[in-house]
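The structure appears right after this line, and notes come after that.
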Amino acid sequence: MKMLSFAKRNTKEIIRDPLTLLFGLGFPIVLLLLLSAIQANVPVPLFEIAQLTPGITVFGLSFMTLFSATLIAKDRESALLQRLYTTPMTALDFILGYTLPIVPIAVAQSVACYAVAVAIGLEVTVNVFLAILFIVPISVLFIALGLLFGSILNDKQVGGICGALLTNLSAWLSGTWFDLELVGGVFKEIAYALPFVHAVELERAVLSGSFSDILPHFWWVLGYSVAALAVAVLLFLRQMKK
Amino acid sequence: MDAITIENLTKRYRDVTAVDNLSLSIREGELFSLLGVNGAGKTTTVKMLSCLTEPSEGDAYIFGKSIRKDTAEVRSLIALSPQETAVAPKLSVRENLELICGAHGFAKTKTVLKIKEISNLLGLESVIDRKTGKLSGGWQRRLSIAMALISEPKILFLDEPTLGLDVIARSELWELIRSLSGKVTIILTTHYMEEADALSDRVAIMRDGRLLVCDTVEKIKEKAGTDNFEQAFVRIVKEMKL
Chain A
253 MKMLSFAKRN TKEIIRDPLT LLFGLGFPIV LLLLLSAIQA NVPVPLFEIA QLTPGITVFG
313 LSFMTLFSAT LIAKDRESAL LQRLYTTPMT ALDFILGYTL PIVPIAVAQS VACYAVAVAI
373 GLEVTVNVFL AILFIVPISV LFIALGLLFG SILNDKQVGG ICGALLTNLS AWLSGTWFDL
433 ELVGGVFKEI AYALPFVHAV ELERAVLSGS FSDILPHFWW VLGYSVAALA VAVLLFLRQM
493 KK
Chain B
832 MDAITIENLT KRYRDVTAVD NLSLSIREGE LFSLLGVNGA GKTTTVKMLS CLTEPSEGDA
892 YIFGKSIRKD TAEVRSLIAL SPQETAVAPK LSVRENLELI CGAHGFAKTK TVLKIKEISN
952 LLGLESVIDR KTGKLSGGWQ RRLSIAMALI SEPKILFLDE PTLGLDVIAR SELWELIRSL
1012 SGKVTIILTT HYMEEADALS DRVAIMRDGR LLVCDTVEKI KEKAGTDNFE QAFVRIVKEM
1072 KL
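If you're matching them up, the sequences are chains A and B in order. Using the working numbering, count along the first sequence one by one with no gaps and you end on 494. Using the working numbering, count along the second sequence one by one with no gaps and you end on 1073.
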């Protein structure tokens, strides 16, 4: 009940910021359309719709990090959290209350991406629905990163770190914009030590029906999600006690 | 009966002692003001009493419940209206009140009833469905106090409640605070001497984290040898040796 009440408030806060929401939901779609147009003129295997859509969908999730981090950072600055800390709400109520409302937004974003992809040529199979389903654990990773950054950064810093740095880093290291094999070396090793490329390859494996390729990537994503969530919880609890 | 008993309460931040060995008691229903210049330790004291920060030494008891050991019980007895307005700007006045009711685990029927009651008491009916971020500072302060009062606290902490308000809004808020006197124990921190003079049953003056004096306004004026409370405050803070 306490958590639901808080989650309801957080949903309203995000939905009532239409500019951010539209940008977060619309930007990945614009990119999808743009890169598909380039692909139509200059064919690049990486930008084929079945390869591109999973990458763009995962890239779109970096906006979920921005949403959750901004919300927490603003709450910390406005002292609303301070007020709520004096109520009987527990740490779990806060963490779930911040996390759960963003999952449906992440799913809605991936539904929008896949719907546009279908409209421009992606074949409709049951795998599309499975790919949308697998967005849920991936979205937890990005939301946890938001919880983590929102607990230590202020509103302006969140804009810089999550809005600029993380969105770019997660994109470069995901194998969506360019083939990591082409860069190779340390860059490729770093990319494969981080979860972003695994999230994209997980989605690609699900969409293409290569189910044997799912698990190795899934463990990476799940491991990072659990670790990010654990660190986020610790940092949130630390700032709660400050 | 004592609502709050403070015993040797101390808070240290690395090499700075924000509150130093504070001991005093506050009676049930009393309107008690904590005064002091910046850095005197007023807000830190309120934060410790409202379980927002843990004391380094000592303890305080809210109706017999320790702020160190019985935090859940203490939280169900208190409410805080922080220095900042601490409201959710994208929510309406009603939704802000619903959030606090939810945070306290009120059932839906009780929530509806409490919102009606509190908006009537604080004159919020005319703005009940307006977005909080669009309201004036005076209305936001009023809502902030309503959010603190709606949980039926036995102890209400008002941290600089009239900061930045115009004369009319301040006078209206004074009326409201006066109307609560006797019904709920109020701990008020303020920089405005006339506010403390007009509202308080008793006043504590702090400097460098230590208690200089704790008495009624009249007795403090007597001790300082002046009829003017502001002058009395200045004399005590500047001249009193510990």
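Glycine included, every Cβ here is placed at the ideal spot set by N, Cα and C.
Open item on the list: Classify B:G867: buried if its beta carbon has 16 or more other beta carbons within 10 angstroms, exposed otherwise.
Closed with: By the 10 Å Cβ count, B:G867 comes out buried.
Task: Cβ separation of B:K921 and A:R268, assumed to be a contact under 8 Å, to the nearest whole Å - done: About 4 Å separates the two Cβ atoms, so the contact holds.
Task: Distance between A:R490 and A:F401 (C-alpha atoms, nearest Å) - done: Spanning the two alpha carbons is a distance of roughly 13 Å.
Open item on the list: Which complete alpha helix (DSSP H) runs does the stretch 955-1008 of chain B hold, if anything under 4 residues is left out?
Closed with: Entirely contained in the stretch 955-1008 of chain B, the alpha helix (DSSP H) runs reaching 4 residues are, in chain order, 968-980.
- [ ] Taking all protein chains shown into account, decide if B:A1027 is buried (16 or more other Cβ within 10 angstroms of its Cβ) or exposed.
- [x] Here B:A1027 is buried: its Cβ has 16 or more other Cβ atoms, across all protein chains shown, within 10 Å.
- [ ] Would you kindly work out how many angstroms separate the C-alpha atoms of B:P984 and A:V438, rounded to a whole number?
- [x] Between B:P984 and A:V438, the C-alpha separation is close to 59 Å.
Task: chain B contacts from the stretch 254-280 of chain A (Cβ-Cβ distance under 8 Å) - done: Listed by position, the residues of the stretch 254-280 of chain A near chain B (Cβ gap below 8 Å) are K254, L256, S257, F258, K260, R261, K264, E265, R268, D269.
Open item on the list: Taking the alpha carbon of B:N839 as the reference point, which residue from B:R1038, B:N852, B:I981, B:T884 has its own alpha carbon closest?
Closed with: For B:N839, the nearest C-alpha among the options comes from B:N852.
Open item on the list: Can you tell me whether B:S807 is buried or exposed? The criterion is at least 16 other CB atoms within 10 Å of its CB, across all chains shown.
Closed with: Outside the displayed range of chain B (832 to 1073) lies residue 807 of chain B, so it cannot be described from this structure.
Open item on the list: DSSP three-state label for A:L374, please.
Closed with: For A:L374, the secondary structure class from DSSP, reduced to helix, strand or coil, is coil.
Open item on the list: Which residues of the stretch 331-350 of chain A have a Cβ closer than 7 Å to any Cβ of chain B? Give them in chain order.
Closed with: Listed by position, the residues of the stretch 331-350 of chain A near chain B (Cβ gap below 7 Å) are A331, L332, Q334, R335, L336, Y337, T338, T339, P340, M341.
- [ ] Have a look at B:D1032 and B:R858 and give me their C-alpha separation to the nearest angstrom.
- [x] In a straight line, the C-alpha of B:D1032 is about 10 Å away from that of B:R858.
Task: CA nearest to the CA of B:Y844, picked from B:P886, B:S864, B:K1014 - done: Out of B:P886, B:S864, B:K1014, B:P886 has the C-alpha closest to the C-alpha of B:Y844.
Task: Residues that A:K493 contacts on chain B, provided the C-beta gap is smaller than 9 Å - done: Annotation: Cβ neighbours of A:K493 in chain B (cutoff 9 Å, chain order): L883, T884, E885.
Open item on the list: I'd like the ranges of any alpha helix (DSSP H) spanning at least 4 consecutive residues and lying wholly in the stretch 318-368 of chain A.
Closed with: Qualifying alpha helix (DSSP H) stretches, in chain order: 332-337, 343-351.
Open item on the list: For a contact defined as C-beta to C-beta under 7 Å, what are the partners of B:E838 on chain A?
Closed with: The premise fails here: B:E838 is roughly 21 Å from chain A at the closest Cβ pair, so nothing lies under 7 Å.
Task: Distance between A:T419 and A:I354 (C-alpha atoms, nearest Å) - done: Rounded to the nearest angstrom, the two C-alpha atoms are 17 Å apart.
Task: Reduced DSSP secondary structure (H/G/I, E/B, other) of A:M255 - done: Helix, per DSSP.
Task: Those residues which DSSP pairs with B:T1020 across a bridge - done: DSSP lists B:L865, B:D990 as partners of B:T1020.
Task: contact_flag[the stretch 272-279 of chain A, the stretch 359-372 of chain A] where n(CB pairs < 8 Å) is 3 or more - done: A contact exists between the stretch 272-279 of chain A and the stretch 359-372 of chain A.
Task: Identified DSSP bridge partners for B:H836 - done: A quick correction: the sequence has Thr, not His, at residue 836 of chain B. Bridge partners of B:T836 according to DSSP: B:S856, B:Y892.
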